[in-house]
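Visitor: Have a look at the structure that comes next, please.
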């Protein structure tokens with residue numbers, strides 16, 4: 478098992494994970510690719526895959542920014558997903574451990590995330606990993 482930083486040539490694989498992460502959204506491939514490119518060029522963001530023998534097993538994306546909530550640099554975990562066929566095999570924990578390592582390396586004081594209400598299994602995973610359910614998430618989409 479190893480990690481691969483996301484690159485532009487990985488977009489198709491990233492897109493396949495992104496579509497499964499938020500199944501209640503409809504993604505325009507062109508617009509999503511623009512966002513992906515912006516993330517890759519953002520010094521405050523990181524995105525990577527967990528790999529096994531050249532196969533993509535999972536993907537995640539984080540952005541770091543200052544918050545009053547944690548009184549300093551905070552890592553926002555925007556998305557984390559593993560291939561459904563390998564769930565329960567440790568890839569999600571490996572992704573989360575790597576997010577934690579990178580966030581600490583950047584000087585973040587903690588990791589925060591939002592998770593869609595339908596993602597009950599993901600919620601169990603986050604709580605088992607040690608996340609506290611600390612707030613409600615609200616969206617105002619334009």
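Numbering (our numbering), first residue to last: 478 to 619. Yeah, the Cβ is synthetic: ideal placement off N, Cα and C, and Gly gets one too.
1) Using the three-state DSSP reduction, which class does residue 603 fall into: helix, strand or coil?
2) Leaving aside the five residues before and after residue 590 along the sequence, list all residues of the same chain whose C-beta is less than 6 Å from its C-beta, in chain order.
3) What's the call for residue 466, buried or exposed, on a 16-neighbour Cβ count within 10 Å?
4) Please report the distance separating the alpha-carbon of residue 523 from that of residue 566.
5) Going by C-alpha to C-alpha distance, which of 569, 551 and 571 sits closest to residue 586?
6) Might you give, ordered along the chain, the residues of its own chain that have their beta carbon closer than 7 Å to the beta carbon of residue 488, omitting 5 neighbours on each side?
7) Buried or exposed: residue 479, going by 16 or more other Cβ atoms within 10 Å of its Cβ?
8) Once DSSP output is grouped into helix, strand and coil, what is the label at residue 529?
9) Which residues in the same chain have their Cβ closer than 7 Å to the Cβ of residue 527, if we skip the five residues on either side of it in sequence?
10) Any chance you could list the beta strand (DSSP E) runs of at least 3 consecutive residues sitting entirely within the region 531-556, in chain order?
11) What residue range is occupied by the uninterrupted alpha helix (DSSP H) comprising residue 488?
12) For residue 485 and chain C, any beta-carbon pair shorter than 8 Å?
Guide: The answer reads as follows:
1) Residue state, collapsed to three classes: helix.
2) The answer, listed in chain order, is 554.
3) For the chain, the structure presents residues 478 to 619; residue 466 sits outside this window and is missing.
4) Rounded to the nearest whole angstrom, the CA to CA distance from residue 523 to residue 566 is 24 Å.
5) The option with the nearest alpha carbon to residue 586 is 551.
6) The residues are 510 and 513.
7) Around the beta carbon of residue 479, fewer than 16 other beta carbons sit within 10 angstroms, so the residue counts as exposed.
8) Strand, per DSSP.
9) Cβ neighbours of residue 527 beyond the five flanking positions: 478, 480, 534, 535, 568, 571 and 572.
10) Every beta strand (DSSP E) stretch that sits fully inside the region 531-556 and reaches 3 residues is listed by chain position as 532-544.
11) Residue 488 -> alpha helix (DSSP H) spans 488-498.
12) Looking for chain C here will not work: only one protein chain is present.
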